[in-house]
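In mature numbering (1 follows the signal peptide of the UniProt record, and there is no 0), the protein residues as written are -17 to -1, 1 to 213.
Below you'll find the structure, written out as structure tokens, and then a few comments.
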């Protein structure tokens, strides 16, 4: 019998469903990628500090274009919701949603841009809403997953008295985007959509009574993922 398989997809929770409805309205109303506020501001050099960041990144990373750098920057800002809604919707079984060509092109720019940044191998960290996990569960990510190489910002003080889940994920080939991230202090690593992971341990609460920690490692997808939510 196959082990329990869990689909890492906030789309399948009520909160994400509401969020994606909002993002779909934006997608339908936008005519081009330049209607995305973060991307438009980056491309039009609205903020001098962002302009310097992008110019420096393009100069430092071989083959990186301004459009690609701005696509990655935009994802780290408010435009991420549109991108994640796109991937989560397309990743659903039997999805027939047709997206506009400008969004298809933007996601290509984002993918191309990410490939120009350094590859990170090792542990990354992500705060998540608590969910029941056990050793052996398999997770599939339907969108880009934002993580950090540092866990020092994830602590009891910032998350209050709510129940919290810290994911420690072992990655092999994800890209570090600090050079263009809107929040460079987060030392951000983006995990690509449609990757699978296996839970190797759960339960250590070394950060306090309100914390549960789960360790994950890369696993092969086999096409049998169930649509349970993390």
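The beta carbon of each residue, even a glycine, is placed where N, CA and C say it ideally should be.
Secondary structure at residue 198, three-state DSSP: helix, strand or coil? Residue state for residue 198 is assigned as strand, using DSSP reduced to three classes.
Just checking my contact of residue 103 with residue 183 at CB under 8 Å: how many whole Å lie between their CB atoms? In this structure residue 103 does not touch residue 183 by the C-beta definition: roughly 19 Å separates them, more than the 8 Å allowed.
Kindly indicate which residue of 32, 58, 174, 31 has the alpha-carbon position closest to the one of residue 22. With distances taken between Cα atoms, residue 22 lies closest to 58.
Three-state secondary structure (DSSP) at residue 30? In the three-state DSSP reduction, residue 30 falls in the coil class, being neither helix nor strand.
Roughly how many whole angstroms lie between the Cα atoms of residue 11 and residue 17? Roughly 14 Å separates the two Cα atoms.
Throw me the rounded Cβ distance for the residue 34 and residue 95 pair, which I believe falls under 8 Å. That belief does not hold up - the Cβ atoms of residue 34 and residue 95 are roughly 21 Å apart, past 8 Å.
Checking 9 Å against the spacing of the C-beta atoms, do residue 131 and residue 174 come in under that value? No.
So, at 7 Å on beta carbons, what are the nonlocal neighbours of residue 90 in its own chain, with the 5 sequence-adjacent residues on each side left out? If you ignore the 5 residues before and after residue 90, its C-beta comes within less than 7 Å of the C-beta of 66, 69, all in its own chain and listed in chain order.
Measuring alpha carbon to alpha carbon, tell me which residue in 46, 117, 86, 111 is nearest residue 100. Out of 46, 117, 86, 111, 46 has the C-alpha closest to the C-alpha of residue 100.
Look up residue 147 in the DSSP assignment and give the residues it is bridged to. Paired residues: 194.
In terms of DSSP beta bridges, what is residue 106 paired with? According to DSSP, residue 106 bridges with 153.
Would you call residue 124 buried or exposed, if buried means 16 or more other Cβ atoms sit within 10 Å of its Cβ? Residue 124 is buried by the Cβ-count criterion.
Which residues does DSSP list as the beta-bridge partners of residue 158? Bridge partners of residue 158: 102, 173.
Cutting at 6 Å between CB atoms, please list the residues of its own chain near residue 126, excluding the five before and the five after it. If we look at residue 126 and ignore the five residues flanking it on each side, its Cβ neighbours are 67, 70, 71, 176.
Residue 131, DSSP secondary structure in three states: Reduced to three states, the DSSP call for residue 131 is strand.
Nearest CA to the CA of residue 15: which residue from 200, 115, 116, 83? Cα-wise, what sits closest to residue 15 is 83.
How far does the alpha helix (DSSP H) with residue 45 in it extend, from its first residue to its last? Segment: none, residue 45 is in no alpha helix (DSSP H) and carries neither H nor E.
Can you list, in chain order, the residues of its chain with a C-beta nearer than 7 Å to that of residue 146? Leave out the 5 residues immediately preceding and following it. Contacts found: 113, 193.
In whole angstroms, give me the CA-to-CA distance for residue 54 and residue 92. Approximately 6 Å between the Cα atoms of the pair.
Would you list the one or two residues that DSSP bridges to residue 111? Within the DSSP secondary-structure output, residue 111 pairs in a beta bridge with 148.
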